[in-house]
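*Asks:* So in this note's numbering, spot 42 of the sequence shown is number 42, and the numbers just go up one at a time. Every residue, glycine too, gets a C-beta built ideally from N, C-alpha and C.
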Amino acid sequence: MNLTKLKRWFYRKLYKESFDAFNWEIDLNKPVKEHCFVVFDTETTGIDLKRAKVLSIGAFRLQGLTLKFSDTLNLKLNISMDNLESIKVHGITPEDLKKGVSPKEACERFLEFSRGCLLVGYFVYIDIAVTRNLIRNACNGAFYPYHLDVIDLLSEKDRIPTLEELTKRLNLPTSNLHDALEDAYMTSLIFMKLIKRFQNHRVKELPLKV
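What follows is the structure, encoded as C-alpha cells:
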C-alpha cells in the first residue's frame, strides 16, 4: 500500500461516515486523458491555514483534458471580513461578499461540482486546507480528497515559479486579473500543457496527494 492509499485508509478509519460522505473514490486505473479533473482556486481571509476562511472559489471541470467555459463554478461567500488589509491582495470587498452565497451552500455546490473528479491546483495544498476548513465548519464534514499540484508536473523544479512566471515560461496568455476564477483558468491552461506527457499514463502514475 503506497503512502497516498495509506493516508486515505487512515482518514476513513478516523472519520468514518464523515469521510465517506465528503470524499469520493476516483478510477486510479483509468487513462489520464479519459479522467475528470476539477482545477480550482480560492481567495481567503488570510495566510494562517488553520484559521483562514474561504472568500471565493473558482473552478473549471475538465473532461478528456478539454476545457469548456460552460463547465465552471464561480462563488463568493457571504461572510464577514475582519482583515480589510487583505482587500489589497484579492480585491474582494465586504459589499461583494454581501451578495454571496452562504458557506453551507458554497460547501454543497463545490462538492456537487467536484465529486468523482481529481482536484488540481497551483500550490493546491493551500486551497485544500482552506476548503477543508469550509467543509468542516459549514457542512460538518472531513475533507481529504485525492489531489494533484501542477508544480509536481514540472520536469525542473530548481526554483518554484509564480503562476504568472509559469504561464510566461509555457508561452501561455497572461492576465492582469487575479480573482479565483481567473487563476483557476490560468492553472487549467498550465495543467493541460504539462499533463500532455502523462495523458496515456494511468491516473495512479501521477504524483497524487491526499
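Could you say which of ILE190, LYS209, LEU77 and ALA142 lies nearest to SER102 if we only look at CA atoms?
*Replies:* Your numbering for residue 102 matches position 102 in the sequence shown. The candidate whose alpha carbon is nearest that of SER102 is LEU77.
*Asks:* State the start and end residues of the unbroken alpha helix (DSSP H) segment that holds PHE10.
*Replies:* For the purposes of this step, residue 10 is taken as residue 10 along the sequence shown, with counting starting at 1. Element bounds for PHE10: 3-15.
*Asks:* Give me the Cα-Cα distance between LEU208 and ARG136, rounded to the nearest whole angstrom.
*Replies:* Counted from its first residue, the sequence shown places residue 208 at position 208. Counted from its first residue, the sequence shown places residue 136 at position 136. Their Cα atoms are separated by approximately 23 angstroms.
*Asks:* Looking only at its chain, what residues have a beta carbon closer than 8 angstroms to the beta carbon of PHE198, apart from the 5 residues adjacent to it on each side?
*Replies:* Residue 198 sits at position 198 when you count from the first residue of the sequence shown. So the list reads VAL32, LEU153, GLU205 and LEU206, once near-sequence residues are dropped.
*Asks:* Closer than 8 angstroms by C-beta to ASP243: which residues in its own chain qualify, once you throw out the five before and the five after it? Chain order, please.
*Replies:* Residue 243 cannot be examined here, being either before or after the span of the chain that is shown, 1 to 210.
*Asks:* Secondary structure at GLU43, three-state DSSP: helix, strand or coil?
*Replies:* To locate residue 43, count along the sequence shown from 1; it is residue 43. Reduced to three states, the DSSP call for GLU43 is strand.
*Asks:* Return helix, strand or coil for VAL32, following the three-state DSSP convention.
*Replies:* The count along the sequence shown starts at 1 and reaches residue 32 at position 32. Helix.
*Asks:* Have a look at LEU148 and ARG61 and give me their C-alpha separation to the nearest angstrom.
*Replies:* Reading the sequence shown from its first residue, position 148 is the one you call residue 148. Reading the sequence shown from its first residue, position 61 is the one you call residue 61. Their Cα atoms are separated by approximately 14 angstroms.
*Asks:* Three or more C-beta pairs under 8 angstroms: does that hold for the region 25-39 against the region 103-118?
*Replies:* Contact holds: three or more Cβ-Cβ distances are below 8 angstroms.
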